[in-house]
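This report concerns only the one structure given below.
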Amino acid sequence: MKGLLLVSLMLFSALFVSACGDSRMHSQAVYMLVDTSGSYAKQMNKAAKVINYLLATLNPGDSLAVAKVETRSFTEKDIVAKVTFDKRPSQSIEQKRAFKARIDAFAKAVHGSAYTDITGGLIQAAEYLNETRAGNKTIVIFSDMQEDLDKGTVRDFPIDLKGIRIVALNVSKLGTDNADPRLYIDRLARWKARVRKAGATDWVVVNDLDNNMESILNTR
Amino acid sequence: MIDRNSWLFWPDSVALSILALVVLVMLFLYAARKPMHGMIHSVCNLVTQSTRFISRWLFLSADNLRLRNQAVLLAHSQESAATMIDREFERVGNIIRKDMQEFPVLQRKLMEEVTKIDDDYRRCGDVPPPPPEWVDALESVSQLKSGGDIPRKLLEDINKSIQKIYDKTISEYRRSYEERHKMLKGMQPSLRSVDKLMGEMDKKMVSLHANAKQIDGDMTKFAGMRAKDSKTEHALTVSAFVQLAISSLVMVIALGGAFINYKLIALPMSEMVGASDYITDNLRTSDVAALVIILMEASMGLFLLESLRITQLFPKIASMDDRMRRRLMLASLVFLVILAGIESSLALMRDMLVADKAALMHDLSSSAPAATQGWMSKIPMAGQMIMGFVLPFALAFVAIPLESVVHSLRTVMGVLLVQTMRGLGFVLRFTGVVFRRFAGVLESAYDIMVVIPLMMERWVVALRVGTSAKEQAEPGRAS
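Here the protein sequences come in this chain order: W and L.
Quick note: the first sequence uses our numbering, first residue 2, plus one each step.
Quick note: the second sequence uses our numbering, first residue 206, plus one each step.
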């Protein structure tokens with residue numbers, strides 16, 4: 002009988018300890034910024050592919066948000082879909098299906114924007130990610146990283162990306178970059194310096210979406 | 206950093222400086238020769254004495270431990286042997302009780318058969334036919350004095366009548382024999398029955414003989430244990446090693462089963478306790494919960510076997526009264542069945558989750574509709590469910606090898622510990638001997654370093670001895 006009591010005690014203590022543990026520290030939160038300006042509006046299928054990869058890779062308890070980069074992106078209105086997956090695998094699968102449906106609907110109805118406010122999107126993303134209190138926070142930017150701000154939009158101030166990993170995806174070369182590759186290199190170097198200065202833990206550029214998709218996430 | 210040349214007396218002439226240094230060192234070593242010899246001797250002596258002391262203590266402890274192991278081993282083996290003998294006696298008792306109960310019936314049956322056979326045998330007795338009447342008539346005819354046709358006619362009549370009577374008698378005789386043959390034929394089932402009864406008795410006697418032989422063997426072993434003879438102890442120790450090896454093998458197989466079990470329920474457990482909850486950095490709550498379920502099953506199995514008195518790891522359960530023990534057995538069985546049911550459901554849930562995830566992956570990777578799966582896809586699901594239900598019961602039997610491991614491990618560990626202590630004692634003893642000799646070697650090595658002053662010392666001593674001898678000789682010469 003003592004053994005029975007001991008085992009029962011072990012079971013309850015395990016459950017008690019589990020209830021006390023901070024589960025968010027082990028979860029991931031990903032915020033994906035999708036550039037919809039110019040030619041990028043036509044590359045939504047590529048962005049959808051990345052989102053599908055994220056949906057397949059993220060686990061129950063993780064968070065995912067997808068937002069578009071527009072003329073002024075520091076707003077919740079630009080968030081296309083956001084979800085924190087349920088702890089139960091069956092529920093999280095249902096949530097993933099629903100998320101995919103919303104992304105598919107967005108991809109069909111996407112419109113190109115006149116300007117590209119990447120910085121505003123980054124600030125919005127950092128705000129969302131910090132709220133999730135996830136252990137691993139990642140901002141994925143599906144853009145050519147060419148910021149183009151509207152008149153009156155102020156973004157030349159220091160931003161806070163402490164503890165966040167930044168991944169630039171599918172950074173395509175512009176026509177001017179082809180003429181002078183230094184423009185492309187300098188653009189990426191500038192962004193790298195800026196996010197590092199803002200406190201980002203890492204800066205990764207992934208252009209080969211067919212073979213290097215696993216670099217997007219810091220897998221456990 | 207220290208300059209290398211700072212050691213030199215005359216940095217310009219290195220050789221001279223080194224020579225001076227060597228001479229100085231040699232002089233110092235020569236001066237410290239006696240204390241150094243003393244120190245070497247003391248240190249070596251200390252090491253020798255210490256190792257000798259520790260070695261002796263280790264040997265003594267090993268002997269004590271061996272005696273203790275022997276006592277425990279013999280006590281445990283005696284207990285096991287007594288249980289086995291008890292069981293054998295119980296079996297013999299059952300056989301005897303059962304057979305003795307049947308014996309009067311058997312005997313009566315046998316007696317009836319024998320009586321019947323005896324009666325039949327008596328009835329079959331050969332009864333000679335009665336003497337014919339014509340013999341008296343023949344005697345009368347033979348006494349007639351005068352011859353003629355009358356006697357001849359008479360004899361012919363007699364012959365006819367004899368022939369007639371003979372035929373009649375023969376037919377009577379044959380009929381009588383036919384009847385006896387029929388009776389003998391009728392005795393056959395009785396004889397077979399007797400043979401069968403005798404066979405049964407023989408079988409029972411053989412079984413009884415085998416049991417008696419087994420008891421004899423066990424009693425011999427038991428006597429050996431009581432006498433504490435080394436042969437029995439050695440046999441028991443070897444048996445413990447063999448038992449440990451076999452039990453460990455079975456335990457490893459059981460662990461494999463437990464691992465499969467764990468894999469089967471770890472994923473669906475995340476549905477119950479959450480997939481993203483962690484106890485430590487790498488330990489998921491769902492994994493721990495699955496492990497706890499498996500441990501619970503093993504524990505229930507252990508209690509079940511304990512209450513069935515198959516294992517005896519918990520003396521309290523063994524000493525419980527029968528009613529309480531039966532209740533515990535029932536409770537353990539019910540818990541085990543419930544846990545097996547839970548596991549079977551979890552296995553079903555696992556299959557559903559895996560199928561759901563596969564469908565999602567298909568949706569994410571392509572827009573084509575997923576192919577419908579036939580009844581073949583149900584086979585793994587059924588297999589998983591059956592495994593989920595059966596594995597807990599299979600895991601319950603792990604208590605038997607566990608008990609064997611617990612009992613034999615003590616003996617094996619004891620033997621290994623004794624051997625280790627003896628080995629260590631030997632090594633220390635050997636080290637002591639080496640150090641005792643090593644003192645002389647170190648002293649000689651030290652003397653090599655101061656060989657020149659030593660030579661000079663010997664030369665001076667020899668010179669002094671020569672001078673004093675000369676002085677002693679000179680006064681004599683003068684006188």
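Yeah, the Cβ is synthetic: ideal placement off N, Cα and C, and Gly gets one too.
Since the structure is predicted, the reported quantities are computational estimates derived from the model, not experimental observations.
Strictly below 8 Å CB to CB, what residues from chain A border W:ASN53?
No chain A appears in the structure shown, which is made up of the protein chains W and L.
Should W:SER19 go down as buried or exposed, given a rule of 16 or more other Cβ atoms within 10 Å for buried?
Caution applies to W:SER19, whose pLDDT of 48 falls short of 50 and renders its modelled position unreliable; the model cannot decide the point.
The alpha helix (DSSP H) with W:TYR129 in it runs from where to where?
119 to 133
Spatially closest choice to W:THR139 from W:GLU148, W:THR154, W:LYS163 and W:ASP149, by CA coordinates:
W:LYS163
When L:PHE264, L:GLY619 and L:SER550 are compared against L:PHE594, the one with the closest alpha-carbon
L:SER550
Can you name the residues of chain W whose CB is closer than 8 Å to the CB of L:ALA480?
ASN60, PRO61, GLY62, LYS88, ARG89, PRO90 and SER93
Are W:VAL168 and W:VAL196 close, meaning C-beta to C-beta below 8 Å?
no
Can you tell me whether DSSP reads W:TRP204 as helix, strand or coil?
strand
Can you tell which of L:ALA471, L:GLY579 and L:SER609 has the C-alpha that lies nearest to the C-alpha of L:ILE547?
L:ALA471
Would you call W:GLU77 buried or exposed, if buried means 16 or more other Cβ atoms sit within 10 Å of its Cβ?
exposed
Run down chain W in chain order and give the residues with a C-beta less than 7 Å from the C-beta of L:LEU558.
PRO90 and SER91
Between which two residues does the beta strand (DSSP E) holding W:ASN137 run?
137 to 143
Name the chain W residues whose beta carbon is nearer than 7 Å to that of L:LEU565?
ILE94, LYS97 and ARG98
Is the CB-CB distance between L:LEU413 and L:VAL297 below 8 Å?
yes
For W:ILE94 and L:MET477, I'd like the C-alpha separation in whole angstroms.
15 Å
Any C-beta of chain L under 8 Å from that of W:LYS47:
no
Check whether the stretch 604 to 616 of chain L and the stretch 217 to 229 of chain L are in contact - that is, three or more C-beta pairs closer than 8 Å.
no
Short of 6 Å in beta carbon distance, which residues of its chain neighbour L:ALA552, apart from the five on each side in sequence? Order them along the chain.
LEU469, GLN589, MET590 and GLY593
Cβ-based burial, W:SER74 [other Cβ within 10 Å; buried from 16]:
buried
Sorted by chain position, which residues of the same chain lie with C-beta nearer than 6 Å to W:LYS174's C-beta, five sequence neighbours on each side aside?
TYR185
Would you say L:LEU234 and L:VAL655 are within 8 Å of each other, going by their C-beta atoms?
yes
When burial is assigned at 16 or more other CB atoms within 10 Å of the CB, is W:GLN125 buried or exposed?
buried
Who are the near neighbours of L:ALA459 in its chain, counting only those whose CB is closer than 6 Å to its CB and skipping five residues on each side?
VAL603
Please report how far the alpha carbon of L:ALA678 lies from the alpha carbon of L:LEU659, in whole angstroms.
28 Å
Closer than 8 Å at the beta carbon, the chain L residues around W:LYS101
ASP568 and LEU569
At what residues does the beta strand (DSSP E) containing W:GLN29 begin and finish?
29 to 36
Does the beta carbon of L:ASP561 come closer than 8 Å to any beta carbon on chain W?
yes
Return helix, strand or coil for L:TYR483, following the three-state DSSP convention.
strand
Would you kindly work out how many angstroms separate the C-alpha atoms of W:ALA194 and W:ARG89, rounded to a whole number?
40 Å
Can you give me the Cβ contacts of L:MET206 inside the same chain, cut-off strictly under 8 Å, excluding the 5 residues immediately before and after it?
Because the pLDDT of L:MET206 is 49, which lies under 50, any placement of that residue in the model is unreliable, and the number read from its coordinates should be weighed accordingly. So no residue of the chain qualifies.
Under a CB-based cut-off of 8 Å, is W:ALA57 close to chain L?
yes
Selected residue, minimal CA-CA separation from L:LEU238, among L:SER649, L:SER512, L:LEU533 and L:ASP362
Contrary to the premise, residue 238 of chain L reads as Arg rather than Leu in this sequence. The shortest C-alpha separation from L:ARG238 is found at L:SER649.
List the DSSP bridge partners of W:LYS69.
W:VAL35
Specify, as a first and last residue, the run of the beta strand (DSSP E) that W:VAL172 falls within.
Run containing W:VAL172: none; DSSP gives neither H nor E here.
CA-CA distance, W:SER91 and W:ASP203?
33 Å
So is W:CYS21 buried or exposed if we call it buried at 16+ other beta carbons inside 10 Å?
Caution applies to W:CYS21, whose pLDDT of 47 falls short of 50 and renders its modelled position unreliable; the value that the coordinates give is listed next. Exposed, because fewer than 16 other Cβ atoms sit within 10 Å of the Cβ of W:CYS21.
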